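S.K.: Encoded as structure tokens, here's the structure I'll be asking about.
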Amino acid sequence: MSGHISAHEFTPTYPKLKQSFVDGLYSTQMVLLNKRKDVTYYEIKVFDENWETVPFALPTGVIINIKHLERKKIEVYIREKDINRARYICSRSKLIVEGGSKTSLSSRICSKIK
């Protein structure tokens, strides 16, 4: 049995939050590279150390549309009151399977906030 697994890239591995241009908000820039031909949508989430979601914002919304081999810069905004809780910024492939006969794996990549 053999197979090929391809995933996406989500960098940097250890992003740093910095004060944004809006008071009370911190931000970091992430880069998403879609290496999967079968996926065009990715969901972005922020988690604490217990993998509970932390409120955040993206200018484009939490679902990113990205073509195969396309690279997008994503600005992630977190409220000042939540920066001590935020530990991980994650991207997860969103699969659209029609007819139920196609088998695909969802991929999730997380970056740990410094």
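Residue numbering for the sequence shown follows our numbering, starting at 9 and increasing by one per position.
Just so you know, even glycine gets a beta-carbon here, dropped at the ideal spot from N, CA and C.
None of the values given here were measured: they were computed from a predicted structure.
#1: Taking residue 96 as part of the beta strand (DSSP E), name the residues at either end of that continuous run.
#2: What are the boundary residues of the beta strand (DSSP E) that includes residue 119?
#3: Ignoring anything shorter than 3 residues, give me the beta strand (DSSP E) runs that lie fully in the stretch 38-89, in order along the chain.
#4: If you drop the 5 nearest sequence neighbours on each side, which residues of the same chain put their C-beta closer than 8 Å to that of residue 44?
#5: Return the CA-CA distance between residue 34 and residue 97, expressed in angstroms with no decimal places.
#6: Nearest to residue 67 by alpha carbon, out of 85, 118, 41, 117?
#7: Looking at the strands, I want to know which residues DSSP matches up with residue 113.
#8: Which partner residues of residue 28 appear in the DSSP bridge assignment?
M.R.: In short, the structure shows the following:
#1: Counting from one through the sequence shown, the residue named residue 96 turns up at place 88. Element bounds for residue 96: 96-102.
#2: Here residue 119 corresponds to residue number 111 of the sequence shown, with the count starting at 1. Note, residue 119: beta strand (DSSP E), 116-120.
#3: 49-55, 71-73, 79-87
#4: If you number the sequence shown from 1, residue 44 lands on position 36. Cβ within range, chain order: 14, 15, 16, 76, 101, 115.
#5: Numbered from its first residue, the sequence shown carries residue 34 at position 26. Numbered from its first residue, the sequence shown carries residue 97 at position 89. Distance between the alpha carbons of residue 34 and residue 97: 13 Å.
#6: Stepping through the sequence shown from its first residue, residue 67 is reached at position 59. Checking every option, the nearest Cα to that of residue 67 belongs to 85.
#7: Residue mapping note: residue 113 aligns to position 105 of the sequence shown, counting from 1. According to DSSP, residue 113 bridges with nothing at all.
#8: By one-based count along the sequence shown, residue 28 stands at place 20. Looking at the DSSP assignment, residue 28 forms no beta bridge with any residue, so it has no partner.
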